[in-house]
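J.:
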Amino acid sequence: MPDAGAELLSSARLDALFDAWRLLPTYLTPHIVLCATALALGLLVSLPLAALAAERPWLRRLVLAIASLIQTIPGLALLALFYPLLLALSTLTARLFGFGIPALGFLPTLIALTLYAMLPILRNSVVGLNGVSPAIVEAAEGVGMTPQQILTRVKAPLATPVIMAGVRTAAVWTIGAATLSTPVGQTSLGNYIFTGLQTENWVSVLFGCIAAAGLALITDFCLGLVETGASERSRKRVVFGVAGLALGTLAGFTPLLSNEAETYVIGAKSFSEQFILANLMGDRLKAEGVGVTRKDGLGSAIAFRALAHNDIDAYVDYSGTLWRNVIGRTDMPSREEMQAEIVRWMKAEQGVTVLGALGFENAYVLAMKRERAQALNVTSIADLARVAPQLTIGDDLEFLGRPEWRSLRNAYGLSFRTRRSFNPTIMYHALEAGEADVISAFSSDGRIAALDLLVLADPKHAIPSYDALILIAPKRAADARLKRALAPLVGSVPVEAMRAANLLVDGDTDKASPEEAARALAKAVHLQSR
Amino acid sequence: MTASPISNPSNSAPYIEIDAVSKSYDGGRSVAVSNVSLDVQQGSLVALVGGSGSGKTTLLKTINRLVDPDVGEVRIDGVPVSEAEPPMLRRSIGYVFQGIGLFPHMRVADNIAVTLKLRGWQASEIEARVAEMLDMVDLPQDYASRFPHMLSGGQRQRVGVARAIAARPRIVLMDEPLGALDPVTRDSLGSSYRELHDRFGMTTLMVTHDIQEAALMADRIVVMKNGRVLADDTPHTLMMGSGSDDPDVTALMEVPRRQAERIAALATQNGPARA
Chain A
44 MPDAGAELLS SARLDALFDA WRLLPTYLTP HIVLCATALA LGLLVSLPLA ALAAERPWLR
104 RLVLAIASLI QTIPGLALLA LFYPLLLALS TLTARLFGFG IPALGFLPTL IALTLYAMLP
164 ILRNSVVGLN GVSPAIVEAA EGVGMTPQQI LTRVKAPLAT PVIMAGVRTA AVWTIGAATL
224 STPVGQTSLG NYIFTGLQTE NWVSVLFGCI AAAGLALITD FCLGLVETGA SERSRKRVVF
284 GVAGLALGTL AGFTPLLSNE AETYVIGAKS FSEQFILANL MGDRLKAEGV GVTRKDGLGS
344 AIAFRALAHN DIDAYVDYSG TLWRNVIGRT DMPSREEMQA EIVRWMKAEQ GVTVLGALGF
404 ENAYVLAMKR ERAQALNVTS IADLARVAPQ LTIGDDLEFL GRPEWRSLRN AYGLSFRTRR
464 SFNPTIMYHA LEAGEADVIS AFSSDGRIAA LDLLVLADPK HAIPSYDALI LIAPKRAADA
524 RLKRALAPLV GSVPVEAMRA ANLLVDGDTD KASPEEAARA LAKAVHLQSR
Chain B
148 MTASPISNPS NSAPYIEIDA VSKSYDGGRS VAVSNVSLDV QQGSLVALVG GSGSGKTTLL
208 KTINRLVDPD VGEVRIDGVP VSEAEPPMLR RSIGYVFQGI GLFPHMRVAD NIAVTLKLRG
268 WQASEIEARV AEMLDMVDLP QDYASRFPHM LSGGQRQRVG VARAIAARPR IVLMDEPLGA
328 LDPVTRDSLG SSYRELHDRF GMTTLMVTHD IQEAALMADR IVVMKNGRVL ADDTPHTLMM
388 GSGSDDPDVT ALMEVPRRQA ERIAALATQN GPARA
C-alpha cells in the first residue's frame, strides 16, 4: 500500500476527477430539472390540500396518514413501484388513444419524488395553518374578512415560517432521493454513484455524493433566506433567496430550451460490460453524426420492457435471459434453434428487431478460487453438489432469483449452507476474502482470468447459452441509419476482446472508464475485422 | 324592558333591537344567553356588565353575527342582521377585541386600514385616514410603520380603537377593551374613547366585568348573570340603589361606592376606613 497522500493525488485519480467534472453539466442539469419540478408539483398539490385539510379534521387525518405511509416506503422501492404502474397505464393509453406514455425515466421518478416531497410540506402547512391563534382568527372574522381572505391575508402569512421549514425539508429529501433515479433510467447525480459503484470508481461515487450534498445545501440556504426573510419581514433576504433559487432552476432548464437534433437512446443494464457496449454503440452512432443519450444502470427486467415500449432505442441483452425471463420458455434447445426462435418471437410478439449477435457469450457460470476448488476436489458442478452443504454461495443480487439457478439446483441437487448477495463487483472481493466459497460469475468477465478462478463445468448443460444480441426498439425497426451504424458490430466482438475490455474497467489496477474501454474495444475489434 | 328615563339626549326609536335572543352550546347543555331582549338608542354607550359566563360576550357577538342566536332576532335600524352576509355586516360595525387582536404580521398602518381595504378604499384615501386616526388616538405618525410587537399594551389598544372606528362605523362593539391595561392607561383611553364616541355620534356596546369602568363611561348599564339580564338602567339610578332589588346587583353596585368612600377617607385626616 503506497503512502495515502500520494495515493489520493495519483494521476489516475486526478483523471477520474477531471472526467467526473466534465460530466457535471450532463448529470446536474437533469437533477435540477427533476427536483425543481417535483418540488413545484409537490407544493402545487400540498398547499391547497393543506388549506382544505386544516379546516376538516377527517381529511387532515386521512391525508397525513397516506403521506406518512408513502414516506415509509424506501425511496428506491417507491421509484421501482411506479415503473410497472406506468407501464400498465401506457399499455392502456396505447390501446385507447393510440399512444403510450413514457414509463421509464422522468415520469416515474417525478411522480415518486413528488409524493415524497408532499409529507413535510403537508404536515408543516397543516400545523402552521392550525397553529394561528383563535383570537387572531376571530379578529379577522370580526373585521369582516371572508374565509378566503382569512386564509390568504392572515393564516397563510402567519404560517409561512412553518410552511417554509417544511419546504426546506422536502427540498433536501428530494435532492437526496433523486440520486436513486438512475436504475429507472432517469439521468441524475446518481449516475456518478451507481456507475462509480459498478466500476469501483470511488472518485466518481464521492463526486456524486458531494455534488448532491452541495446542491442540497445551496438550495436549503436559499430557502432559509426566504424563510427568515419572511418571518423577520426582511424583503432583501427574500429577494436574494428567491433570486438564487430562480437562477439555479433556470440553469437546470436551459439545456432543455436548446433545440437539439433527434437523439437515439441507448440503454444499459447495471454492469460494466453493458456500460462498455452502450458506449461502443453510442460512439458508432455519434460517428454517423446523430445525437445520443444514454440510460445507464437499468434493472435487468426493466431494460427489455423499456425497449419494447420505445423508451430506449437499442441495447444488448443475452439469449438465455431473453429465452427464460422474457419469453418464459423452460426447455433447452440447441444454441442455433434458440437464437432463431428468439428472432422470430421478438418480431412477432413485440415488434423488436434482433439485429444480430455480437459474437461472444456472457453465460452464467459458477466459479471458485482455484486452490479452494482443488482442496475440495471440485472441478464440475456435479462435484460441487457433494460439498455444497458446507459452502457459502455468493450471487450478484440476481442469479439466485433466476430460473437458471432453479434449473442448476434441480439438475444437480445443489443446496448451500448460506447464500449471500453482493453488488457484482464487490462479489469478487467477497470471494477473495473468503466470504463466499462459490460465486455466480459471467463467462465474459475479465476477472476470471485475472483472478485465476476456476469455472466449474456444467456436464448436464443445465444453463442455456447467453449470446450477446443487439436489440432494436419497434419504432426503429425501419431506421436505416441506426442499423447502418450498429450492423458492423454483429459477429465482430469475440469473447477474448470483451474480457479484455471488461478487465480494463473492473480490474483493480490502472482502471479505465467505460468510455475508454469502449474505445479500446473498438480499436481491437477494428484491427481484427480488417 | 327599560321603563326608567334615559339620560341620553337622543330618545328616538331604538337603533339596535335584541329581541328575545337565546343561545346555548353543546347541544343545549350549556346556556349562554337565555331569552334576552334589549333596545339600544342611537348615540348611546351601553355597558354590558357581569362575571365570566354571564353571557355578555355572546350577546355582544350576536349583533355582528360572530354568534347566531338559536332563538330570537337582532335588528339594526329595523332590519334583521340575519339578512346580511356576515363579512359585509362586520365591515360596517367597528369591533374592539378582548386582548387587542391586532394582526401581528401587519404594520400599524395596515392594521388600522384593514377594514378600509376590505371596503375597497383607494390607497390615497386610506393613507389620509390612517394619519387622521393616529392623531385621533394620540399616537405619533411614525408608529404607522411599526409592528404591533414593538408597541406597549396601551399603544396597541389605541391602534385597536383606531382600527375599529377608521371606517366611521355607526356602531362599535367592544369586548373588554381596557381589560389588559394599567389603571392610568385605562383611565386615559376610556375618556378618549368616550370623547370620540360623542364626536362621531356612534352607538357603542361595551362588554366589561369592571363596574367602575362601566359607571364612569356608559350612559346605561346592563347587568347580566347566567345568561339573563338582572338590571338595566342608568349608572345614576343604579348607584342610588333604586334600579333593582336583586341582591347580586345591590352587591355589585356597592363595590364602587364603598371603594370611593375608602379612597375619599384616605385623602382625609381620619385614615382608611376598614371594610
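If you read the protein sequences in the order shown, they are chains A and B.
The first sequence lines up with residues 44 to 573 when you count with my numbering.
The second sequence lines up with residues 148 to 422 when you count with my numbering.
Using N, Cα and C, we set each Cβ at its ideal position, and we do this for glycine too.
For clarity, every value in this text was computed on a predicted model and none was experimentally measured.
Residues in its own chain within less than 6 angstroms of A/L40 by CB, not counting five upstream and five downstream?
T.: A question about residue 40 of chain A goes unanswered here, because the residues of chain A that appear run from 44 up to 573.
J.: Can you name the start and end residues of the beta strand (DSSP E) that A/I75 belongs to?
T.: A/I75 -> not in any beta strand (DSSP E); alpha helix (DSSP H) instead, spanning S54 to E98.
J.: My assumption, with CB atoms under 8 angstroms, is that B/Y340 sits in contact with B/V306. Please give the rounded CB distance.
T.: 13 angstroms between Cβ atoms; not a contact.
J.: At what residues does the alpha helix (DSSP H) containing A/D439 begin and finish?
T.: Run containing A/D439: none; DSSP gives neither H nor E here.
J.: Using a Cβ cut-off of 9 angstroms, pull out every chain A residue sitting near B/G182, in sequence order please.
T.: Here residue 182 of chain B is Asn; the residue named in the question, Gly, does not match the sequence. Per Cβ cutoff of 9 angstroms: no residues; B/N182 is ~26 angstroms from chain A at best.
J.: Residues of chain B with a CB under 7 angstroms from the CB of A/M188: which are they?
T.: P234 and L265
J.: Please list, in chain order, all residues of the same chain as B/I223 whose beta carbon is under 6 angstroms from its beta carbon, the five residues on each side excluded.
T.: I163
J.: Which residue's Cα is closest to the Cα of B/V243: B/S299, B/G390, B/M387 and B/T355?
T.: B/T355
J.: Exposed or buried, what is A/S277 when buried is set at 16 or more other beta-carbons lying within 10 Å of its beta-carbon?
T.: exposed
J.: For the candidate residues A/C252, A/L341, A/R103 and A/W216, whose alpha-carbon lies nearest to that of A/A123?
T.: When only C-alpha atoms are compared, the closest one is A/L341.
J.: Looking at the unbroken beta strand (DSSP E) that takes in A/D480, where does it start and where does it end?
T.: Run containing A/D480: none; DSSP gives neither H nor E here.
J.: When we look at the beta-carbon of B/D322 and count the other beta-carbons within 10 Å, is it buried (16 or more) or exposed?
T.: buried
J.: Tell me which residues of the segment 248-264 of chain B have at least one Cβ-Cβ distance to chain A shorter than 8 angstroms, keeping chain order.
T.: Those would be G248, L249, F250, P251, H252, V261 and T262, in chain order.
J.: Using DSSP's beta-bridge definition, name the partner residues of B/P161.
T.: B/Q188
J.: Would you kindly report the start and end of the unbroken alpha helix (DSSP H) that includes B/T350?
T.: Run containing B/T350: none in the alpha helix (DSSP H); it sits in the beta strand (DSSP E), T350 to T355.
J.: Using 8 angstroms as the cut-off, can you tell me whether the segment 388-399 of chain B makes contact with the segment 225-234 of chain B, which would need three or more C-beta pairs spanning the two stretches below that distance?
T.: no
J.: A/E181 versus chain B: which residues are under 8 angstroms apart at the beta carbon?
T.: Listed along the chain, the chain B residues whose CB falls inside 8 angstroms of the CB of A/E181 are L213, F244 and G248.
J.: Leaving out the 5 sequence neighbours to the left and right, which residues in its chain are closer than 7 angstroms to B/Q245 when beta-carbon positions are compared?
T.: D322, E323 and G326
J.: So, do the segment 362-372 of chain B and the segment 188-201 of chain B have three or more beta carbon pairs nearer to each other than 8 angstroms?
T.: yes
J.: Can the beta-carbon of A/G185 be found closer than 8 angstroms to that of A/Y159?
T.: no
J.: I'd like the list of long-range same chain contacts for A/A55, defined as Cβ closer than 8 angstroms, with 5 residues on each side in sequence excluded.
T.: D553 and K554
J.: Using the three-state DSSP reduction, which class does B/R405 fall into: helix, strand or coil?
T.: helix
J.: Alpha carbons only, please: which of B/L336, B/S292, B/M283 and B/E220 is nearest the one belonging to B/L185?
T.: B/E220
J.: Going by alpha carbons, who is nearest to B/D217 out of B/S177, B/R238, B/H252 and B/A256?
T.: Of the listed residues, the one whose Cα sits closest to B/D217 is B/S177.
J.: Looking at C-alpha atoms only, which residue of B/G374, B/D379 and B/G348 is the closest neighbour of B/A361?
T.: B/D379
J.: Is A/P200 close to chain B, meaning its C-beta is less than 8 angstroms from at least one C-beta of that chain?
T.: yes
J.: Look up A/A259 in the DSSP assignment and say whether it is helix, strand or coil.
T.: helix
J.: On the three-state DSSP scale, how would you describe A/F347?
T.: helix
J.: Using DSSP with H/G/I as helix, E/B as strand and the rest coil, what is B/M253?
T.: coil
J.: In whole angstroms, give me the CA-to-CA distance for B/G197 and B/I358.
T.: 8 angstroms
J.: Shortest alpha-carbon distance to A/L434 belongs to which of A/R445, A/A416, A/P446 and A/S450?
T.: A/A416
J.: Against B/R276, what residues of chain A qualify as contacts under a CB-to-CB distance less than 8 angstroms, listed in chain order?
T.: Going along chain A, no residue has its Cβ under 8 angstroms from B/R276, so there is no contact; the nearest lies around 15 angstroms.
J.: Let me see if you follow: with CB-CB separation under 8 angstroms, is B/R238 close to chain A or not?
T.: When Cβ-Cβ separations below 8 angstroms define contact, B/R238 makes contact with chain A.
J.: Should A/I98 be flagged as near chain B, meaning a C-beta pair shorter than 8 angstroms?
T.: Note that residue 98 of chain A corresponds to Glu in the displayed sequence, not to Ile. No, A/E98 does not count as interfacial toward chain B.
J.: With a cut-off of 8 angstroms, does the C-beta of A/V227 fall near any C-beta of chain B?
T.: no
J.: Just curious, the beta strand (DSSP E) that B/E220 is in, first and last residue?
T.: V218 to I223
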